[in-house]
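See below for the structure under consideration.
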Amino acid sequence: MKRILAFGGSTSSTSINKQFAHYAAHLLKDVDLTLIDLNDFDVPLFNVDLEKSEGLPENALRFKQCIESMDGIVVSLAEHNGNYAAAFKNLIDWVSRIEGKIWSEKKMFLMATSPGGRGGASVLEIALAAFPRYGASIEASFSLPSFSENFSPEGIKNEELAKSFAEQLTKFSNSI
Ligand SMILES: Cc1cc2nc3c(=O)[nH]c(=O)nc-3n(C[C@H](O)[C@H](O)[C@H](O)COP(=O)(O)O)c2cc1C
C-alpha cells in the first residue's frame, strides 16, 4: 500500500490548510495515511551560527525522515503576505541543510486555501515554481478560494471548484 503524508503549511491550531490537506488525503483510496501537524516539528529560527554550534534540530531530521518514508505528499500552504507562512519556511530551510532536495523526489499534490477570494494563489505560484527545484514531483495542484464559503467537511460546495478538485485528486491518485 502506498504511503501518503498530509499536512498544512501552517502552525495555526485552527489551520484551514491542515483541515483541507487532511480532507483531501482522506479521499485517496487504498493508501496508508500519515497526517501530521507542523506544531509537532517545531524548530528554532534558522541561523547559520546556531547550526554551527548546535547542529541540525531533531525535529528537522524527523520531518525529513517522514518525507523519505513516503510515496507521496499532500500539502496545502497557508499564505502570509503573498508567501509561505514563516514557520513552514523556517522548517524547510532547516531541512534544506540536510539535503538540498528537500522533497526527496516524492510525488506531490500541492494545494493552497485562504479565507479570501484568491485562495492562496500567490503562495501556490511561488511553490509551483520553487518546489520542483527542491526535489518535488508535482503531479497535481489546486487552489480553494473563500474557504469558509466553499468548504464543508462533506465536500466542496461550489460545483465547478468541486469538479476541478476531483480532477486534480484523480491525477495525483493515478500518479502514485
Ligand atoms: C500575517 C498574515 C498575513 C496574511 N497574508 C495573507 C495573504 O497574503 N493572502 C491571503 O489570502 N491571506 C492572508 N492571510 C490570511 C490567511 O490566509 C488566513 O489567516 C488563513 O487562515 C491562513 O491559513 P491557516 O488557517 O492554514 O493558517 C494572512 C494572515 C496573516 C496572519
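Heads up: the sequence shown begins at 46 in this note's numbering, then just goes up one per residue.
Beta carbons are placed, not taken as given, at the ideal position from N, Cα and C, and that holds for glycine.
None of the values given here were measured: they were computed from a predicted structure.
Legend entry - the stretch 152–161 / the stretch 176–195 touching (three or more Cβ pairs under 8 Å): yes
Inset, instruction - Run the proximity test for I61: is its beta-carbon closer than 7 Å to any non-hydrogen atom belonging to ligand 1? - result: yes
Legend entry - Nearest candidate by alpha-carbon position, reference N128, set A66, K216, E205 and L173: L173
Legend entry - Through-space distance from I143 to H67, alpha-carbon basis: 26 Å
Inset, instruction - Tell me whether A170 counts as near ligand 1, meaning its Cβ is closer than 7 Å to at least one heavy atom of that ligand. - result: Looking at the sequence itself, residue 170 is Glu, so the reference to Ala does not match. Checking every heavy atom of ligand 1 against the Cβ of E170, none is found closer than 7 Å.
Legend entry - Own chain partners of S141 with C-beta closer than 8 Å, once the 5 adjacent residues on each side are dropped: I147 and Y179
Legend entry - Where the alpha helix (DSSP H) containing I137 begins and where it ends: A131 to S141
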